[in-house]
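Trainee: Going by the working numbering, the letters in the sequence shown line up with residues 180 to 466, in that order. Here a beta-carbon is modelled for each residue, glycine too, at the ideal position from N, C-alpha and C.
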Amino acid sequence: MALRFLVVEGNTRPAREGHAAAYGLTPSASYAAVLQEIEPGILCDIALPADEGANLPDAAGLEGYDAVVLTGSALNIYDATPEVTRQIELMRAVYAAGVPAFGSCWGIQVGAVAAGGDVRKNSLGREVGFARNIALTEAGRAHPMLAGRPAAYDAPAIHLDVIVAEPPACTVLAANRIAGIQAAEIRVNGGALWGVQYHPEFSLHELATILDRRRRMLVDEGFCATPDEAGAYAAELKALHADPARRDLAWRHGLDDEVLDPVRRTAEIRNFVERRVKPERSRRGRA
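1) Please list the segments of the alpha helix (DSSP H) lying wholly inside the region 291-365, counting only runs of 4 or more residues, in order along the chain.
2) Can MET396 be considered in contact with the ligand SAH, in the sense that its beta carbon sits closer than 7 Å to one or more heavy atoms?
3) Compare the C-alpha of VAL351 against each of MET324, GLN361, ARG425 and name the closest.
4) Whole-angstrom Cβ separation of ALA336 and ALA314, contact assumed at under 8 Å?
5) What residue range does the alpha helix (DSSP H) around SER209 cover?
6) Tell me, which residues are paired with ASP224 by DSSP?
7) Bridge partners of GLY374, per DSSP?
8) Could you check where the alpha helix (DSSP H) with ALA413 kicks off and where it finishes?
9) Any Cβ of chain C within less than 8 Å of the Cβ of LEU204?
10) Which whole-angstrom value is the C-beta distance of ASN190 and ALA253, which I expect to be below 8 Å?
11) Between the Cα of ARG460 and those of ARG431, ALA272, GLU196, VAL278, spot the shortest distance and give me the residue it belongs to.
12) The alpha helix (DSSP H) that contains LEU428, what's its start and end?
13) Buried or exposed: TRP285, going by 16 or more other Cβ atoms within 10 Å of its Cβ?
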């Protein structure tokens, strides 16, 4: 029997459509494609909790999944709009159902708030392009989600908000100068989320597409001097995606195989499938 995943899209319809117009896929469809590349045959359903009237699974419906994956989002969780609160309530239901969960960026923030933590705008500003020098904690060095990661590594990232108060049962697995929680395991009532503040699911092409659409933001926040400079940065990332052997571009942007090699870049997701989802599926008698 194939693994069955629920991919929870964090974005509103306009944000999804904008991403799809530029990249060809919505964030949730892109995430599903990454999962299916990692584990051919995975069946992925997509939930859209940001949409009013969305058909969301109840507890019994969630128990029919082998795993739940939460995407990133352009929303801010502290705004507490209905688009946000529906996602928090769905995450609480995921915890209650005990279904293995994984969250990227917005996903770990939803997991933290649903478990009693807090998320706020980062006083250090936005982390954009790549999260640099992510360092494993002592717990992270032994945690299966980060198996194969070196003591310090970089990863694709774009976020302004960070977890500022850990939920009660949170184990911090990695951190860097910008975010004190770059990776964590959060447990609630027998349920657990493995989450990262960065985006292991992003290819350089997808990341570059996002940055290219945000040229004005990159200029306004001081990352680039002009919109053309921001566009050139995105173009070089796309070129490096097309040819990872371009050592000139890899050197210029300070990127190594932790980002350039798709197997190593997606290590957390691969570990989640192999070390969390499959064993839990067997334990639940779904194999």
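Mentor: In brief:
1) 317-321
2) The ligand SAH is not part of this structure, which contains no ligands at all.
3) GLN361
4) That pair is no contact at about 15 Å.
5) 206-217
6) LEU185
7) GLY282, ALA363
8) 406-421
9) Given the protein chain composition of this structure (a single chain), no chain C is represented.
10) 6 Å
11) VAL278
12) 426-431
13) buried
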